[in-house]
Amino acid sequence: MEKQFTKAFVIFLFFLISLQIVCAACSHYAYLSHGTIDGKYYASILASCDDIAMENVKVTVSDSKGKVTEGVTNKNGEFLFNPQRPGTYFFDIEFLIDGNKINTDRKVVYKIKPTIIVNRTGNNYLICSEQNLDQFEIEDAGKLAIIKQ
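Shown next, in the form of structure tokens:
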């Protein structure tokens, strides 16, 4: 009886070890979706391992000016981000599997261009923007004008 128990226990241990190896060797992915909801931009990261959502995956968002936002994915494997201004955003995703950090090899880039409302009367442009755009371009009937504020 004791031999059968020992044999069953050894088989069970091999099963656990092989299961751990399979779990540690899964393919990690981070999917980015983005768009607007009610006129506001959003970005959503979905972290998965072999198409299974992963909770508590660390996400670091940095913009081109160095501002950093950190967070983790929720129980559905999602991390939601609402950028406050136009610009380029970089997403670093760090998976933590059995105490080992696994970083994605790439940065997911999300670019938002500023929205500008331009009203033209004759040769005069009225430009409305919530942001100081420094220098930008306007294309009007195929002609390109560089405008400085």
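Letter by letter, the sequence shown follows residues 64 to 212 of this note's numbering.
Where is the CB? At the ideal position from N, CA and C, for every residue including glycine.
All figures in this text were calculated on a predicted structure; none of them were measured in a lab.
### Query
Mapping DSSP to helix, strand and coil, what is E133?
If DSSP states are grouped into helix, strand and coil, E133 belongs with the strands.
### Query
Is the beta carbon of G140 less than 8 Å from the beta carbon of A110?
Yes, Cβ-Cβ distance for G140 and A110 is below 8 Å.
### Message
Considering only the alpha carbon of each residue, which of F158, I100, G150 lies closest to G129?
### Response
Comparing C-alpha distances from G129 to each of F158, I100, G150 shows the shortest one belongs to G150.
#### Entry: Neighbourhood of T123 by C-beta, 7 Å cutoff - its chain only, sequence neighbours within 5 removed
Excluding residues within five positions, the ones whose Cβ falls inside 7 Å are V131, E133, D155.
### Task
Can you tell me which of the three DSSP states E118 falls into?
Coil.
### Query
If we cut at 8 Å on Cβ distances, does Q147 have a partner in chain D?
Structure shown: chain D not included; a single protein chain is present.
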